[in-house]
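Data first, discussion second: the structure below is written as C-alpha cells.
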Amino acid sequence: MLLRIFSFLLFQALGAWLGYQIAPEALQIRGMLAGMLGAGMLWGLYDFTRGLRVLHWLRADALAIAPPLRLGLWGQVAERVSRAARMRERAARESELRLQNVLSALQASPNGVLLLDAAGRIEWLNQTAAAHLGLDPARDLQQHLVNLVRNPAFTAYLASGQYGGGVTLPGRNHSSMNPVRLSVQLHEYGEGRRLLLSRDVTMFEQAEAMRRDFVANVSHEIRTPLTVLSGFVETLQTLPLQEDERARYLDLMAQQAERMQALVSDLLMLSRLEGSPPPGGGEWLALQAVMRQLQQEAQTLSAVLHPVRSGASVSLSPATPGMKEGGQTLDFEPAPAYELAGAGTELHSALSNLVSNAVRYTPADGTVRCGWRLLQTDGRIDGAEFWVQDTGPGIAAEHIPRLTERFYRVDRSRSRETGGTGLGLAIVKHVAQRHGAELKIDSVLGQGSRFALVFPAHRLRPVAAH
C-alpha cells in the first residue's frame with residue numbers, strides 16, 4: 001500500500017516538474033497542474049493495465065499459471081488469491097480422499113448399503129446391495145427403487161414411513177432348492193434422505209430352523225421312552241402281577257432307561273465336541289489295539305442283536321472268513337503297525353459308531369468287513385483310511401448328503417428297533433473335522449454301504465519310531 005502511494009506521488013511530482021519546465025513563465029502554475037493531471041492519468045492507466053492482467057489471470061486457471069505480478073497492490077492480491085486457491089484445492093483433495101475412503105469402506109462392507117434421495121431415487125449403492133437386490137450400480141442410479149424392487153412387502157414397508165423394524169425378503173437367486181433370505185431396513189437422515197441396509201440372513205434362519213428341529217427331535221426321542229416308563233410304572237403300581245410279568249416289565253423299563261441314557265450320552269458328546277478346542281498331537285493310539293477293541297465290541301453287539309445257536313463268527317483275516325450258517329460274519333483285517341495322533345475318546349467313539357451301525361443294519365446272515373489301509377503315492381505315505389463295509393440294505397442316493405444331520409434317519413422304525421439314537425454319524429462328522437479327517441460314504445440301495453474315515457499323514461507314525 002505504501003509503495004502504491006509512493007508511486008502515485010512520484011508520478012505527480014514528475015508531472016508537475018515537467019509542466020513547470022515546459023510552460024511559459026506566466027503559465028507555470030497551470031503547467032504544473034496540467035502535468036500533475038497528466039501524470040495521474042498515466043498512473044491510473046498503468047494501474048488499470050496491471051489490474052486487467054490480474055483479472056485475465058483469474059479468468060484463466062489460477063493454479064496452472066503463476067501470478068503475473070509480484071509487486072504492488074495487484075501483486076499482493078494475485079499472490080493471496082493464488083495461496084487461497086491452493087489451500088482450497090488441497091482441502092478439496094483431502095475431502096475427496098476421505099470420501100473415497102468412506103466409499104471404499106462401504107464397498108468392502110459385507111452388508112448392502114444404498115442411499116436414496118428425498119424422492120426415493122438411488123444416489124449410490126455398493127456391490128453387496130446390488131447383488132442382494134439385483135441392481136446395476138451404473139445403470140440404475142437416479143432410478144426409483146420402488147420400480148426396481150418389485151416385492152409387495154418391501155413396497156408397503158417403503159411407503160409406510162415407519163422404519164423402526166425391517167422386512168425380510170426373498171433374495172435375488174431364491175429358490176426352493178437354494179433359499180436366500182434378506183433382511184432390509186431403512187434409516188432416515190438429512191432432509192428426507194434414507195439409508196437402506198441389507199444383509200443375508202439365510203444362515204441365521206437356517207440355524208434357527210435347525211435349533212427348532214433339534215429341540216423338537218430331542219423332545220420326541222425322549223417322550224417315547226418316558227411314555228413307556230410311565231405306563232409301566234402305573235401298571236406296577238395299580239395291578240397285581242405275577243413275578244414273571246413283573247420281571248418282564250422291569251426288563252422293558254430298563255431297556256427304555258438305557259435308551260434315554262444313550263441319547264443323553266450322545267448329546268453330551270456332541271456338546272463337548274462343539275465347545276472344546278481341537279485336539280493336539282500329544283496322544284498316540286496304536287491302530288492294532290484300536291482294532292482289537294472294535295472287534296470285541298462288534299462281536300458282543302452282533303451276539304446280542306443276532307443271536308444264533310452256534311454264535312456269531314469272527315474272522316481276523318479276509319482269507320478265512322469262517323462264516324457259519326445263520327450267523328453274522330465279522331471280518332476284521334489286521335491293522336498296520338502305525339499309531340494315530342488324536343483324542344482317544346473321540347476317535348474311539350467315531351470308529352465304534354461306524355462299526356456298530358454296520359452291525360445293526362446288516363442282516364443276521366450278512367457280512368461286515370472292517371480294516372485300515374495306508375494311502376501311498378510313489379512310496380510316500382499320504383494318509384490312512386479306516387473303512388467299514390457291510391452287506392446291509394444300502395442307502396438311496398438322495399439320503400446320503402443328509403446322513404450326518406442330527407436325528408436324521410432313513411428308516412426311523414428300524415433305527416429305533418436296533419437301538420440307534422440318530423446322533424452317531426453327527427458325532428463321526430464332528431470328530432473327523434476336529435482331526436482333519438474326511439468322512440466318505442458310498443452306498444447302493446440293496447447292495448450294502450461303505451463308510452470310511454481318511455486321516456492326514458501328519459497324524460500317523462510307525463510304531464517302531466516311538
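Using the UniProt record's numbering, the letters of the sequence shown map in sequence onto residues 1 to 466. Cβ coordinates follow ideal geometry from the N, Cα and C atoms, glycine included. Since the structure is predicted, the reported quantities are computational estimates derived from the model, not experimental observations.
{"Check": "Count the CB pairs spanning the stretch 113-123 and the stretch 202-213 that are closer than 8 Å, and state whether there are at least three.", "Outcome": "no"}
{"Check": "Less than 8 Å between the beta carbons of LEU340 and VAL431, yes or no?", "Outcome": "no"}
{"Check": "I need the straight-line Cα distance from GLU398 to ARG434, nearest angstrom please.", "Outcome": "26 Å"}
{"Check": "Using the DSSP secondary-structure output, state which residues sit across from GLN376 in a beta bridge.", "Outcome": "ILE381"}
{"Check": "For ALA457, name the three-state secondary structure that DSSP assigns.", "Outcome": "helix"}
{"Check": "Out of ALA130, LEU116, ALA85 and PHE232, point me to the one whose CA is closest to GLN107's CA.", "Outcome": "ALA130"}
{"Check": "Taking one C-beta from the stretch 156-171 and one from the stretch 78-85 each time, how about it: are there three or more such pairs within less than 8 Å?", "Outcome": "no"}
{"Check": "Under 8 Å between the Cβ atoms of ARG406 and ALA384?", "Outcome": "no"}
{"Check": "If we count Cβ pairs, one from each stretch, closer than 8 Å, do we get three or more for the stretch 125-143 versus the stretch 195-204?", "Outcome": "yes"}
{"Check": "Using a Cβ-Cβ cut-off of 7 Å (strictly less than) and excluding sequence neighbours within five positions of HIS144, which residues of its own chain qualify?", "Outcome": "GLY120 and ARG121"}
{"Check": "So if DSSP puts LYS440 in a beta bridge, which residue, or which two residues, is it bridged to?", "Outcome": "ALA452"}
{"Check": "Closest by CA to GLN293, which one among ARG98, ALA343, ARG172 and LEU351?", "Outcome": "LEU351"}
{"Check": "What's the call for ARG369, buried or exposed, on a 16-neighbour Cβ count within 10 Å?", "Outcome": "buried"}
{"Check": "Buried or exposed for THR329, please, with buried defined as at least 16 other CB atoms from any protein chain shown within 10 angstroms of its CB.", "Outcome": "buried"}
{"Check": "Below 8 Å, can you find three or more Cβ-Cβ pairs linking the stretch 278-292 to the stretch 235-248?", "Outcome": "no"}
{"Check": "Kindly indicate which three-state DSSP category ARG406 falls into: helix, strand or coil?", "Outcome": "coil"}
{"Check": "So, under 8 Å CB-CB, SER449 and GLY392 are touching, yes? Tell me the CB distance rounded to an integer number of Å.", "Outcome": "6 Å"}
{"Check": "Are the Cβ atoms of GLN137 and LEU148 separated by less than 8 Å?", "Outcome": "The residue you asked about is not Gln; residue 137 is Pro in the sequence shown. No, the pair does not count as a contact, with Cβ atoms beyond the cut-off."}
{"Check": "Is the distance from the Cβ of LEU460 to the Cβ of TRP372 below 8 Å?", "Outcome": "no"}
{"Check": "What do you reckon, are the CB atoms on SER302 and VAL388 nearer than 8 Å?", "Outcome": "no"}
{"Check": "Using DSSP bridges, identify the partner residues of TYR157.", "Outcome": "DSSP, once it has assigned bridges, lists no residue as partnering TYR157."}
{"Check": "Nearest to residue 482 by alpha carbon, out of SER104, VAL167, ARG194 and LEU114?", "Outcome": "With the chain running from 1 to 466 in the structure shown, residue 482 is simply not present."}
{"Check": "Taking just the CA atoms, how far does LEU354 sit from LYS440?", "Outcome": "11 Å"}
{"Check": "Output the distance between the C-alpha atoms of VAL180 and LEU453, rounded to the nearest integer angstrom.", "Outcome": "33 Å"}
{"Check": "What is the residue span of the alpha helix (DSSP H) that GLN296 lies within?", "Outcome": "287-305"}
{"Check": "Determine the direct distance from the alpha carbon of MET203 to that of ILE400, and round the result to whole angstroms.", "Outcome": "22 Å"}
{"Check": "Would you report the Cα separation of ASP213 and GLU221, rounded to the nearest angstrom?", "Outcome": "12 Å"}
{"Check": "What are the boundary residues of the beta strand (DSSP E) that includes ALA341?", "Outcome": "338-341"}
{"Check": "Considering only their Cβ atoms, is the gap separating PRO334 from LEU374 smaller than 8 Å?", "Outcome": "no"}
{"Check": "If you measure between the beta carbons of LEU116 and ARG194, is that distance less than 8 Å?", "Outcome": "yes"}
{"Check": "Look at the alpha carbon of LEU403 and the alpha carbon of LEU305, and state the distance between them as a whole number of angstroms.", "Outcome": "23 Å"}
{"Check": "With a threshold of 7 Å on Cβ separation, who are the neighbours of GLN447 within its own chain once the five nearest residues in sequence on each side are excluded?", "Outcome": "GLY394"}
{"Check": "Using DSSP with H/G/I as helix, E/B as strand and the rest coil, what is LEU145?", "Outcome": "helix"}
{"Check": "Thinking C-beta only, is VAL184 closer than 8 Å to TYR338?", "Outcome": "no"}
{"Check": "Of the choices GLY342, LEU423 and ARG248, whose alpha-carbon is the least far from that of HIS458?", "Outcome": "GLY342"}
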